[in-house]
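**Student:** Here it is, the structure, as structure tokens.
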Amino acid sequence: MKIGIVKETAPDERRVSGTPETVKKFRALGADVAVESGAGLSAAISDADYAAMGATVADRAATVADADIILGVQGPDPASIAGARPGAWIVAGLNPYVERARIDAYAAAGFEALAMEFMPRITRAQSMDILSSQSNLAGYKAVLDAAAEYGRSFPMMMTAAGTVSPAKAFIMGVGVAGLQAIATAKRLGAQVSATDVRSATREQIESLGAKAIFVESVAGIEGEGKGGYATEMSDDYRQAQAELVSSHIAKQDIVITTALIPGKAAPRLISDAQIATMKPGSVIVDLAVEQGGNVEGAVPGQVVERHGVKIVGHKNVPSRLAADASALFARNLYNFLSAFWNKDRNAPVLDEEIGNAIRVTQGGKVVSERLLQLAGILS
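Just so you know, we're using the working numbering here: the sequence shown kicks off at 5 and counts up by one.
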């Protein structure tokens with residue numbers, strides 16, 4: 005069994021899918037590990053670090069040649085792994101809804117592509133969940149990015165020259181990223197409030213010491229949406245939420261938006277008119293900017309200013325913490341493969357529940373029900 009760890013080539017990608025820690029663990033399972041030269045440099049990992057754990061460091065062609073499993077953070081360009089054998093597993097974040105052409109190319113090449121972001125959110129798969137580990141870091145970094153752009157302090161400061169009032173931070177969307185943003189903003193001393201369409205998050209918000217801001221006149225989602233995500237809301241709810249946000253956002257110094265719906269454009273949470281009501285010098289961080297954005301006027305990869313308010317649209321936010329993000333991502337992949345490792349075969353053997361959830365190509369075809377339903381092939 006050979007595992008190949010390739011260097012990421014996508015713009016703004018600094019992470020790596022394997023670390024010396026996970027190389028050592030894969031070697032202990034009995035696997036041979038090859039790492040593409042330079043794969044870990046942007047995450048502060050040298051080729052020598054990998055070699056010290058028993059990996060073979062080589063160019064890409066040698067890394068993927070005869071590999072049974074190819075690991076990536078983002079799915080590698082099919083042309084760049086043309087030397088890999090048909091039937092090899094591609095295990096990575098594949099962004100299947102957006103990168104459908106790449107998925108089709110994997111199928112045509114005979115690869116078995118496993119989309120780690122399709123991992124079911126069940127108890128036994130929590131340690132394999134790349135979305136949770138990376139979103140946690142994104143929520144933390146979003147607050148730091150906001151603090152870097154905000155021209156004032158976060159905590160209240162009492163000095164001989166007078167008192168500085170604390171910043172007011174509002175978190176919109178209370179998934180993994182939102183919860184971490186609440187906790188981080190609280191640790192920095194801000195007055196924090198938060199909202200979500202899922203009523204079950206009220207208790208989570210309050211448990212972190214933040215104020216829960218909820219629409220009371222129209223019913224939201226009771227409990228969780230599918231997979232822990234929010235689902236699309238009624239027009240009545242959206243109107244009521246817009247009115248609530250408009251009255252609250254004008255008082256905020258920092259706003260962080262995190263709302264995503266898998267396979268669809270991010271919901272619009274903040275309009276230009278609402279931005280115009282905010283105080284000059286306020287900051288909005290849009291963590292959904294790469295999926296269409298929660299904030300009108302947000303630009304992927306840029307910090308723009310509208311009505312005196314800075315709108316931060318950094319791309320690939322977890323990658324801005326490359327070392328820690330790589331460590332967590334690599335552990336997710338190791339936890340996944342090791343959980344299904346068959347000692348007799350010296351290879352992982354997936355069970356039906358998780359295999360069917362994450363497998364997107366097999367036997368030269370696209371087999372993911374999610375993708376086939378999206379294409380109208382399955383009803």
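For every residue, glycine included, the Cβ atom is placed at its ideal position computed from N, Cα and C.
Could you pull the start and end residues of the alpha helix (DSSP H) that E294 belongs to?
**Tutor:** Translated into positions along the sequence shown, residue 294 becomes position 290. First-last for E294: undefined, no H or E at that position.
**Student:** Given N346, which residues of its chain have a CB within under 8 Å of its CB, disregarding the five upstream and five downstream residues?
**Tutor:** Within the sequence shown, residue 346 is the residue found at index 342, counting from 1. Counting only Cβ-Cβ distances below 8 Å, and skipping sequence neighbours, we find P352, V353.
**Student:** Residues in the same chain with beta-carbon distance under 7 Å from Q184, minus the five sequence neighbours each way, listed in chain order, please.
**Tutor:** Taking the first residue of the sequence shown as 1, we reach residue 184 at position 180. So the list reads N140, G143, Y144, once near-sequence residues are dropped.
**Student:** One question on the structure: do L273 and T281 come within less than 7 Å of each other, judged by their Cβ atoms?
**Tutor:** Counting from one through the sequence shown, the residue named residue 273 turns up at place 269. Counting from one through the sequence shown, the residue named residue 281 turns up at place 277. The answer is no: Cβ separation not under 7 Å.
**Student:** Is G1 near A263, with beta carbons less than 7 Å apart?
**Tutor:** Summary: the structure shown does not reach residue 1, with the chain confined to residues 5 through 383, and so no result is reported for it.
**Student:** Which residues in the same chain have their Cβ closer than 8 Å to the Cβ of G301, if we skip the five residues on either side of it in sequence?
**Tutor:** Numbered from its first residue, the sequence shown carries residue 301 at position 297. Hits under 8 Å: D276, I279, V308, R310, I315.
**Student:** By alpha-carbon positions, which one of V20, I94, V10, P24 ends up nearest to A62?
**Tutor:** Counting from one through the sequence shown, the residue named residue 62 turns up at place 58. Comparing Cα positions, the closest option is V10.
**Student:** Suppose you measure from the CA of I7 to the CA of M162; what does that come to, to the nearest Å?
**Tutor:** On the sequence shown, position 3 is the one that residue 7 refers to. On the sequence shown, position 158 is the one that residue 162 refers to. If you take the alpha carbons of I7 and M162, they lie about 57 Å apart.
**Student:** Report the option in A216, A254, G312, R19 whose CA atom is closest to the CA atom of I134.
**Tutor:** The sequence position of residue 134 within the sequence shown is 130, counting from 1. For the residues A216, A254, G312, R19, the minimum Cα distance to I134 belongs to R19.
**Student:** Just the C-alpha distance for I126 and R206, rounded to the nearest angstrom, thanks.
**Tutor:** For the purposes of this step, residue 126 is identified with residue 122 of the sequence shown, where counting begins at 1. For the purposes of this step, residue 206 is identified with residue 202 of the sequence shown, where counting begins at 1. Taking the straight line joining both Cα atoms gives about 22 Å.
**Student:** Whose C-alpha, out of Q306, V147, S84, E373, is nearest the C-alpha of R64?
**Tutor:** Sequence index remark: in the sequence shown, residue 64 carries index 60 (1-based). Nearest of Q306, V147, S84, E373 to R64, Cα basis: S84.
**Student:** Opposite V259 in the DSSP bridges: which residues?
**Tutor:** Numbered from 1 along the sequence shown, position 255 holds the residue referred to as residue 259. Its beta-bridge partners are F174, I288.
**Student:** How many angstroms separate the CA atom of N99 from the CA atom of Q78?
**Tutor:** Stepping through the sequence shown from its first residue, residue 99 is reached at position 95. Stepping through the sequence shown from its first residue, residue 78 is reached at position 74. Spanning the two alpha carbons is a distance of roughly 8 Å.
**Student:** Compare the C-beta of L135 against all C-beta atoms of chain D and say whether one is closer than 7 Å.
**Tutor:** Although the question refers to chain D, the structure presented lacks it and comprises just one protein chain.
**Student:** From G91 to L248, what does the alpha carbon distance come to, in whole angstroms?
**Tutor:** Along the sequence shown, read from residue 1 onward, the residue named residue 91 stands at position 87. Along the sequence shown, read from residue 1 onward, the residue named residue 248 stands at position 244. In a straight line, the C-alpha of G91 is about 52 Å away from that of L248.
**Student:** From what residue to what residue does the beta strand (DSSP E) around Q390 run?
**Tutor:** There is simply no residue 390 to check, as the chain begins at 5 and stops at 383 in what is shown.
**Student:** Give the C-beta separation of V370 and A111 to the nearest angstrom, bearing in mind that I take them to be a contact with Cβ-Cβ under 8 Å.
**Tutor:** The count along the sequence shown starts at 1 and reaches residue 370 at position 366. The count along the sequence shown starts at 1 and reaches residue 111 at position 107. Their Cβ separation, rounded to whole angstroms, is 5 Å, which keeps V370 and A111 in contact under 8 Å.
**Student:** So, for I186: in the same chain, excluding its five sequence neighbours on each side, which residues have a beta-carbon less than 7 Å away from its beta-carbon?
**Tutor:** In the sequence shown, counting from the first residue as 1, residue 186 sits at position 182. Around I186: I175, V196, A198, I209, L212, A214.
**Student:** Given this structure, state the Cα-to-Cα distance separating K28 from G58, to the nearest angstrom.
**Tutor:** As a working note, residue 28 is residue 24 in the sequence shown. As a working note, residue 58 is residue 54 in the sequence shown. Cα-Cα distance, rounded: 7 Å.
**Student:** Distance, Cα to Cα, T60 vs A361?
**Tutor:** Here residue 60 refers to the residue found at position 56 when the sequence shown is read from its first residue. Here residue 361 refers to the residue found at position 357 when the sequence shown is read from its first residue. Approximately 32 Å between the Cα atoms of the pair.
**Student:** Check each candidate in E12, E220, P266, T67 and name the one with the smallest Cα separation from V102.
**Tutor:** Reading the sequence shown from its first residue, position 98 is the one you call residue 102. For the residues E12, E220, P266, T67, the minimum Cα distance to V102 belongs to P266.
**Student:** So, for M132: in the same chain, excluding its five sequence neighbours on each side, which residues have a beta-carbon less than 6 Å away from its beta-carbon?
**Tutor:** The residue given as residue 132 occupies position 128 in the sequence shown. Same-chain partners within the cutoff: M123, N336, N339, F340.
**Student:** The beta strand (DSSP E) that contains Q377, what's its start and end?
**Tutor:** For this step, residue 377 is matched to residue 373 along the sequence shown. Taken as a continuous stretch (DSSP letters only), Q377 belongs to no beta strand (DSSP E), being part of the alpha helix (DSSP H) at 373–378.
**Student:** To the nearest angstrom, how far is the alpha carbon of D239 from that of P284?
**Tutor:** The residue you call residue 239 lines up with position 235 of the sequence shown. The residue you call residue 284 lines up with position 280 of the sequence shown. Approximately 31 Å, taken between the alpha carbons.
**Student:** Any idea which residues DSSP pairs M161 with across the strands?
**Tutor:** On the sequence shown, residue 161 is found 157 positions in, with the first residue counted as 1. Paired residues: V168.
**Student:** Between which residues of its own chain and A269 is the CB-CB distance below 6 Å, once the five residues before and five after are set aside?
**Tutor:** For the purposes of this step, residue 269 is taken as residue 265 along the sequence shown, with counting starting at 1. G296.
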